[in-house]
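Trainee: Quick one: structure below, then a few questions.
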Amino acid sequence: MILTIQILVLLLAVVALVAVVAARLEIPPAILLVLTGVVLALIPGLPTVELAPELVLLLVLPPVIYSSAVAMSWREFRFNLRPISLLAVGCVVFTTVAVAGATHWLLDLAWPVGFVLGAIVSPPDAMAPLSIARRMQLPRRLLVVLEGEGLANDAAALILYRFAVTAVSASAFSFTHAVGMFAAIVAGEILWGIGVGWLMLRLRRWVHDPRIEITLSILTPFLAYWPPEHLGGSGVLATVTAGLYISWNGLRLISAATRLQGIFFWDFLIYLIEGMVFLITGLQARTLITRIGNDSIPELAISAAIVCAVVIVARFVWVYPAAYLPRWLFPPIKRRDPSPPWQWPFVLAFTGVRGIVSLAAALAIPFATANGQHFPNRDLILFLTFSVILVTLVGQGLLLPSVIRALGLAHAGRRERRGDRAQAYEARRLGIVAALERLDQLAAERDLAGNVVQTLRANHRARLKHIEHHSDGDDGHKKLTELHDEIELLLIAAERQQTNDLFRSGKLNDEARRGIERELDLREAYLASQRDEEK
5 MILTIQILVL LLAVVALVAV VAARLEIPPA ILLVLTGVVL ALIPGLPTVE
55 LAPELVLLLV LPPVIYSSAV AMSWREFRFN LRPISLLAVG CVVFTTVAVA
105 GATHWLLDLA WPVGFVLGAI VSPPDAMAPL SIARRMQLPR RLLVVLEGEG
155 LANDAAALIL YRFAVTAVSA SAFSFTHAVG MFAAIVAGEI LWGIGVGWLM
205 LRLRRWVHDP RIEITLSILT PFLAYWPPEH LGGSGVLATV TAGLYISWNG
255 LRLISAATRL QGIFFWDFLI YLIEGMVFLI TGLQARTLIT RIGNDSIPEL
305 AISAAIVCAV VIVARFVWVY PAAYLPRWLF PPIKRRDPSP PWQWPFVLAF
355 TGVRGIVSLA AALAIPFATA NGQHFPNRDL ILFLTFSVIL VTLVGQGLLL
405 PSVIRALGLA HAGRRERRGD RAQAYEARRL GIVAALERLD QLAAERDLAG
455 NVVQTLRANH RARLKHIEHH SDGDDGHKKL TELHDEIELL LIAAERQQTN
505 DLFRSGKLND EARRGIEREL DLREAYLASQ RDEEK
């Protein structure tokens, strides 16, 4: 146990160090963490760290998917449901069939084994590509489609994976039965996810305690994921549905204090989970090398090259028809949603990076079939899966910024961001106007004292003036606003220093100091968010 704790602390230290280096090099931490894990795995004498598939599929995957679903806009997800579905379901099925066919004809794998491998390597991991795409300021719709695909493709892939493993283990497969089961799983998980989301929101509204509400939010993805997974589904679709339901309905049912604390908690939790998982993914290199030690290196390299090429090419082959054929075949779709430029499908096709779900599914393959025989080509499937992850994550991940620049899409979403900022400023302005109107109503209804009303009115009008200057296109107004924010930050720093001096001299107790610090932190965080929006 002591050794396990020591290894965990060392892994956390490596994650922190790699994050610092990745920030300096402007490389997604996921790529650098996998490479670091591979290097560490090849150093003799270091302890072997093996990834338990149950850890990923039952403990890691639910909170990661749920967090992404809560952060996703239901309105944008629904608007882009067609391209998301074509990628998350259509492309997954197409890639599975392509890999199964290629490995059967070129590598002489049995069809069921090929389908197992195809289902494992079919779902892309959107985390690393999304971090690059956001930094390169791609158009908002591309980001939504990538994020939406990342939410739903794991469900389709894991269901196909279960069918394929069952076919290998039981040596039997019924296509009609599989289609019926797939439809039942999808419908059942959607209903279960809505029910979990509804129940958890009502419980959180009832308790009105941020600590208990955050605890319930931690339990939500596991309650949504575990029952369907135990009954033979994937659990992913139910978790995504619960997250989207809470995202759409949470604004009016979750308190402000819970949102402020919950956002920080979940960001930190997902950051640690993803960092640890990508590092441990790289550390699996030693285990894989040990298992394939007796196999021919040239044959393994050729097999890995074939599977990687099929996985990459299959996505390109699918994405372009999926983008243009529906618009050509159905004119109403084209009128409602015109065809995108060819660069958009190319970027979507190039972001087919595989990640931890593929590795966890490969590790979860049973060692023996139902009749007690060794699962055919299990070690080969593990090696090929790791090869696909390494090639796509490192190779395509590092090339993605250059590809985006070459296509002329770098900062293509800057105009959209300006429009988003304009909408935000207008919403803030209308909100303050509504607050001033409500203040006048309250003053008349309750006969409030003049000083109270005047003070509140002056504060809100000052906020209104500040926002109008922020949103004004005139450079003079913007410079004045920037100067105002800079001076405000200096004043906050002066207040903070004075508070700290009073506390150290014993003229201010600790409880009062913490309250003042929280107030100053909120003011500083607001100004920082305003400054980030302007970038």
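Quick note: the sequence shown uses our numbering, first residue 5, plus one each step.
Using N, Cα and C, we set each Cβ at its ideal position, and we do this for glycine too.
(1) Kindly indicate which three-state DSSP category residue 378 falls into: helix, strand or coil?
(2) Put residue 5 into one of helix, strand or coil per three-state DSSP.
(3) I'd like the list of long-range same chain contacts for residue 286, defined as Cβ closer than 8 Å, with 5 residues on each side in sequence excluded.
(4) Is it right to say residue 87 is buried, meaning 16 or more other beta carbons lie within 10 angstroms of its own, or is it exposed?
(5) Grouping DSSP H, G and I as helix and E and B as strand, with all else coil, what is residue 114?
(6) Assign residue 102 to one of three DSSP states: helix, strand, or coil.
(7) How long is the line joining the alpha carbons of residue 341 and residue 148, rounded to whole angstroms?
(8) Indicate the three-state DSSP secondary structure (helix, strand or coil) for residue 313 in the structure shown.
(9) Inspect the CB distances between the stretch 149-164 and the stretch 412-426 and report whether three or more fall short of 8 Å.
(10) Just how far apart, CA to CA, sit residue 125 and residue 108?
(11) Which one or two residues does DSSP pair with residue 372 in a beta bridge?
(12) What is the rounded straight-line gap between the Cα of residue 6 and the Cα of residue 405?
(13) Is the Cβ-Cβ distance between residue 352 and residue 366 less than 7 Å?
(14) Count the CB pairs spanning the stretch 177-194 and the stretch 393-402 that are closer than 8 Å, and state whether there are at least three.
(15) Quick check: the stretch 370-380 against the stretch 65-74, are there 3 or more CB pairs under 8 Å?
(16) Could you give the C-beta distance for residue 128 and residue 356, rounded to a whole number, given that I count them as a contact under 8 Å?
(17) Run the CB neighbour count on residue 281, radius 10 Å, all protein chains shown included, and call it buried at 16 or more, exposed below.
(18) Assign residue 98 to one of two classes, buried (16 or more other C-beta atoms within 10 Å of its C-beta) or exposed (fewer than that).
(19) Considering only C-alpha positions, which residue in the set 294, 200, 533 is nearest to residue 489?
(20) So, at 6 Å on beta carbons, what are the nonlocal neighbours of residue 327 in its own chain, with the 5 sequence-adjacent residues on each side left out?
(21) Do you know whose CA, among 338, 209, 75, 144, lies nearest residue 417's CA?
(22) Taking the alpha-carbon positions, what's the residue 354 to residue 165 distance?
(23) Can you give the Cα-Cα distance for residue 388 and residue 27, rounded to whole angstroms?
(24) Specify the secondary structure class of residue 1 as computed by DSSP and reduced to three states.
(25) Using a Cβ-Cβ cutoff of less than 6 Å, which residues in the same chain neighbour residue 23 once the five nearest sequence positions on both sides are dropped?
(26) With residue 198 as the anchor, note down where its alpha helix (DSSP H) starts and where it stops.
(27) Around the C-beta of residue 84, are 16 or more other C-beta atoms found within 10 angstroms, so that it is buried, or is it exposed?
(28) Between which residues of its own chain and residue 506 is the CB-CB distance below 6 Å, once the five residues before and five after are set aside?
(29) Hey, residue 197 and residue 150 are a contact pair by Cβ (cut 8 Å); roughly how many whole angstroms apart?
(30) Helix, strand or coil for residue 355? Go by DSSP, reduced to three states.
(31) For residue 142 and residue 78, what's the separation of their Cα atoms in angstroms?
(32) Using CA atoms only, rank isn't needed, just tell me which of 263, 384, 289, 204 is closest to residue 300.
(33) Select from 454, 449, 439 the residue whose C-alpha is nearest the C-alpha of residue 466.
(34) Using only alpha-carbon positions, find the residue among 234, 110, 270 that is nearest to residue 220.
(35) Check for me: the alpha helix (DSSP H) holding residue 225 runs from which residue to which?
Mentor: Working from what's here:
(1) Along the sequence shown, read from residue 1 onward, the residue named residue 378 stands at position 374. Reduced to three states, the DSSP call for residue 378 is strand.
(2) Indexing the sequence shown from 1 puts residue 5 at position 1. Because the pLDDT of residue 5 is 42, which lies under 50, any placement of that residue in the model is unreliable, and the question is left without a value.
(3) Taking the sequence shown and counting its residues from 1, the one referred to as residue 286 is at position 282. These residues qualify, in order along the chain: 37, 38, 39, 40, 41, 42, 43, 44, 45.
(4) Taking the first residue of the sequence shown as 1, we reach residue 87 at position 83. With 16 or more Cβ atoms within 10 Å of its Cβ, residue 87 is classed as buried.
(5) Within the sequence shown, numbered from 1, the residue matching residue 114 stands at position 110. Coil at residue 114, not helix or strand.
(6) Position 98 of the sequence shown, counting from 1, holds the residue named residue 102. In this structure, residue 102 counts as helix in the three-state DSSP scheme.
(7) The sequence position of residue 341 within the sequence shown is 337, counting from 1. The sequence position of residue 148 within the sequence shown is 144, counting from 1. Cα to Cα, the separation comes out at about 15 Å.
(8) Here the question's residue 313 lines up with position 309 in the sequence shown. Of the three classes helix, strand and coil, the one that applies to residue 313 here is helix, per DSSP.
(9) no
(10) The residue you call residue 125 lines up with position 121 of the sequence shown. The residue you call residue 108 lines up with position 104 of the sequence shown. Using only the alpha carbons, I get a separation of about 15 Å.
(11) Here residue 372 refers to the residue found at position 368 of the sequence shown. Its beta-bridge partners are 378.
(12) Working through the sequence shown from its first residue, we reach residue 6 at position 2. Working through the sequence shown from its first residue, we reach residue 405 at position 401. Note on residue 6: pLDDT 48, under 50, position unreliable in the model; the coordinate value appears next. Residue 6 and residue 405: Cα-Cα distance of roughly 42 Å.
(13) In the sequence shown, counting from the first residue as 1, residue 352 sits at position 348. In the sequence shown, counting from the first residue as 1, residue 366 sits at position 362. Contact flag unset, no.
(14) no
(15) no
(16) Here residue 128 is taken as the residue at index 124 of the sequence shown, counted from 1. Here residue 356 is taken as the residue at index 352 of the sequence shown, counted from 1. That pair is a contact at about 5 Å.
(17) The count along the sequence shown starts at 1 and reaches residue 281 at position 277. Under this definition residue 281 is a buried residue.
(18) In the sequence shown, residue 98 corresponds to position 94, counting from 1. Residue 98 comes out buried.
(19) On the sequence shown, position 485 is the one that residue 489 refers to. Among 294, 200, 533, the Cα nearest to that of residue 489 belongs to 533.
(20) As a working note, residue 327 is residue 323 in the sequence shown. Result list for residue 327: 349, in chain order.
(21) The residue given as residue 417 occupies position 413 in the sequence shown. Taking only the C-alpha atoms, the option nearest residue 417 is 144.
(22) To locate residue 354, count along the sequence shown from 1; it is residue 350. To locate residue 165, count along the sequence shown from 1; it is residue 161. Spanning the two alpha carbons is a distance of roughly 24 Å.
(23) Residue 388 sits at position 384 when you count from the first residue of the sequence shown. Residue 27 sits at position 23 when you count from the first residue of the sequence shown. Those two C-alpha atoms are separated by around 30 Å.
(24) Past the edges of the chain, shown from 5 to 539, lies residue 1, and the structure says nothing about it.
(25) Taking the first residue of the sequence shown as position 1, residue 23 is located at position 19. Closer than 6 Å at Cβ, skipping near neighbours: 33.
(26) Taking the first residue of the sequence shown as position 1, residue 198 is located at position 194. Taken as a continuous stretch (DSSP letters only), the alpha helix (DSSP H) holding residue 198 covers 179-211.
(27) To locate residue 84, count along the sequence shown from 1; it is residue 80. Buried: at least 16 other Cβ atoms inside 10 Å.
(28) As a working mapping, residue 506 is identified with position 502 in the sequence shown. Result list for residue 506: 512, in chain order.
(29) In the sequence shown, counting from the first residue as 1, residue 197 sits at position 193. In the sequence shown, counting from the first residue as 1, residue 150 sits at position 146. Residue 197 to residue 150, Cβ: 21 Å. No contact.
(30) For the purposes of this step, residue 355 is identified with residue 351 of the sequence shown, where counting begins at 1. Residue 355 falls in the coil class under three-state DSSP.
(31) As a first step, residue 142 is located in the sequence shown; it is residue number 138 there, counting from the start. As a first step, residue 78 is located in the sequence shown; it is residue number 74 there, counting from the start. Approximately 20 Å between the Cα atoms of the pair.
(32) One-based indexing of the sequence shown puts residue 300 at position 296. If we check each option's Cα against that of residue 300, 384 comes out closest.
(33) Taking the sequence shown and counting its residues from 1, one reaches residue 466 at position 462. Of the candidates 454, 449, 439, the one whose C-alpha sits nearest the C-alpha of residue 466 is 439.
(34) By 1-based counting over the sequence shown, the position of residue 220 is 216. Of the listed residues, the one whose Cα sits closest to residue 220 is 270.
(35) Mapped onto the sequence shown, residue 225 falls at position 221. Per DSSP, residue 225 belongs to the alpha helix (DSSP H) from 214-234.
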